[in-house]
Amino acid sequence: MTIVEACESRTNSTPDFPMGWYSVERSHELAIGEVKPVQAFDRELVLYRTRSGNVALQDAFCPHLGAHLGHEGRVIGETIRCPFHGWQFSAEDGKCSHIPYCDEIPERAQLRTWHVQEKNGEIYVWFHPENTAPQWALPDLPELGDPKWTTPRYTEHRVPAHVQDICENSCDPVHFLYVHGSQEVPESTVTIDPDGRTMHLHSDMATTDYPNHLHATTYSPGFAMVRTTYGPDAEMIMYNSAQPVNRNETLMRWTLIVRKEIEDYAGDDVMKGIIDGLSDDYPIWANKVHKRRPVFCKGDSTLVTFRKWVRQFYLTSEDKKEIA
Ligand code: FES
Ligand SMILES: [Fe+2]
């Protein structure tokens, strides 16, 4: 008798969100006193900057009667005030600090507060399903602000795919031939640092008009730096930080800098090329499912390395078993 497996739905095997650092906004997009709704990790969150300049990211629904603090919530000093009945919550720990019509504050009146850090011109959140303290530090990006490099060019895209699948794309040299129209499958190697966490992809594009070497450093799924070298002083760097909106949608924030020597040749054209490249991937991502246990062939070694690497960012045994 043949046992028929349940039909594969689009979402039944999509993993949870991997732990790590993610971006939720660019620093210059959040002024003092500004309040914004944020959708990330399938949750509704509120992001705001207090009067002293600190950034807070908290669960958005007020514990009182559920108003969304990201819509008409207001910064009062170092707190946020709910638009519905005026309860105020501390930016530091989310505790209710003031109820305008009552002296007694219920113990459970508290918002979950996420760990945020501003660095490299972005606001990052440490995501862990149990909201633990960060387990590793954000990397330094020393070329940002270095006078040898251009000021950053920014672009943002909503991509209809799980953050892990977008990250996996960079360890998939074969798709360059079929999806991006490369002449050949680039020679690629994937290595992992002794810490077990930072992954490097090295790829040589020898037969393009501008032969180059690409080095992608992935610090965690959704946080990567891609350095492309054409020759001495002819380099560009793309920082890529993701905001997983939900299991099927990810907002990507890209920051491009290039050596000033090649800005006129590489600056805007490269940005355009990268955006075009994304539109190549788009129809695949929009229609694919996440394969929890893909069938790999011998030629898929970089993908196998990726799947083994990515397990460490998950908590549940089901998500850790990404490949059999
Ligand atoms: S719902 Fe927020 S104060 Fe009532
Ligand atoms: Fe791609």
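Quick note: the sequence shown uses the working numbering, first residue 3, plus one each step.
Glycine included, every Cβ here is placed at the ideal spot set by N, Cα and C.
Keep in mind the model is a prediction, meaning the values are calculated, not measured.
Consult DSSP for Phe178 and reduce its assignment to one of helix, strand or coil.
Of the three classes helix, strand and coil, the one that applies to Phe178 here is helix, per DSSP.
Give the residues whose C-beta lies closer than 5 angstroms to at least one heavy atom of ligand 1, in chain order.
Listed by chain position, these are Cys64, His66, Leu67, Ala69, Cys84, Phe86, His87, Trp89.
So which of Leu67, Ile107, Thr115 has the shortest CA-CA distance to Arg45?
Taking only the C-alpha atoms, the option nearest Arg45 is Thr115.
Less than 8 angstroms between C-beta atoms, sequence neighbours within five positions excluded: which residues of the same chain meet that for Val260?
Trp151, Thr152, Glu237, Met238, Ile239, Ala268, Gly269, Val272.
How should His292 be labelled, buried or exposed, when 16 other C-beta atoms within 10 angstroms of its C-beta is the threshold for buried?
Buried, because 16 or more other Cβ atoms sit within 10 Å of the Cβ of His292.
Since Lys121 is in the beta strand (DSSP E), which residue starts that stretch and which ends it?
Per DSSP, Lys121 belongs to the beta strand (DSSP E) from 117 to 121.
Rounded to whole angstroms, what's the CA-CA distance from Gln314 to Pro234? Just pull it up for me.
Going by the C-alpha atoms only, they are around 36 angstroms apart.
With a Cβ-Cβ cutoff of 9 angstroms, do Asn56 and Glu94 count as a contact?
For Asn56 and Glu94, yes; Cβs fall inside 9 angstroms.
Measuring CB to CB, does Phe19 end up less than 9 angstroms from Pro246?
Yes, Cβ-Cβ distance for Phe19 and Pro246 is below 9 angstroms.
Helix, strand or coil: which one does DSSP assign to Asp206?
If DSSP states are grouped into helix, strand and coil, Asp206 belongs with the strands.
Buried or exposed: which applies to Ser54, given that a residue is buried once 16 or more other Cβ atoms fall within 10 Å of its Cβ?
So Ser54 counts as exposed.
For the alpha helix (DSSP H) containing Cys169, name the first residue and the last one.
Run containing Cys169: 165 to 171, per the alpha helix (DSSP H) assignment.
Would you call the segment 111 to 126 in contact with the segment 213 to 224, where contact means no fewer than 3 C-beta pairs closer than 8 angstroms?
The segment 111 to 126 vs the segment 213 to 224: no contact.
Just to be sure I understand the criterion: a residue counts if its Cβ is closer than 5 angstroms to at least one heavy atom of ligand 2. Which residues meet that?
Cβ-based neighbours of ligand 2 within the cut-off: Asn171, Asp283.
Under three-state DSSP, which class holds Asp44?
In this structure, Asp44 counts as coil in the three-state DSSP scheme.
By the 10 Å Cβ neighbour count, where 16 or more other Cβ atoms means buried, how is Arg110 classified, buried or exposed?
Under this definition Arg110 is an exposed residue.
Relative to the alpha-carbon of Val161, which residue among Cys64, Val312, Gly279 has its alpha-carbon at the smallest distance?
It is Gly279.
Would you check if there are 3 or more beta carbon pairs closer than 8 angstroms linking the segment 130 to 145 to the segment 75 to 83?
In short, these stretches do not touch, since the Cβ pair count stays below three.
Taking buried to mean at least 16 other C-beta atoms within 10 Å of its own C-beta, is Gln166 buried or exposed?
That one is buried.
Answer yes or no: do Leu258 and Arg155 have a C-beta to C-beta separation smaller than 9 angstroms?
Result yes, Cβ atoms of Leu258 and Arg155 sit closer than 9 angstroms.
Exposed or buried, what is His30 when buried is set at 16 or more other beta-carbons lying within 10 Å of its beta-carbon?
Exposed, since its Cβ has fewer than 16 Cβ neighbours within 10 Å.
Can you tell me whether Gln185 is buried or exposed? The criterion is at least 16 other CB atoms within 10 Å of its CB, across all chains shown.
When all chains shown are included, Gln185 counts as exposed.
Straight-line CA distance for Ala226 to Gly88?
Roughly 41 angstroms separates the two Cα atoms.
Tell me whether the beta-carbon of Gln60 lies closer than 9 angstroms to the beta-carbon of Phe91.
Result yes, Cβ atoms of Gln60 and Phe91 sit closer than 9 angstroms.
Would you decide whether Ser25 is buried or exposed? Buried here means 16 or more other CB atoms lie within 10 Å of its CB.
Result: buried.
May I ask you to report which of helix, strand or coil DSSP gives Asp61?
Of the three classes helix, strand and coil, the one that applies to Asp61 here is strand, per DSSP.
Hey, quick one: how far does the beta strand (DSSP E) through Ser128 stretch, first residue to last?
This sequence places Trp at residue 128; Ser is not what is there. Residues 124 to 129.
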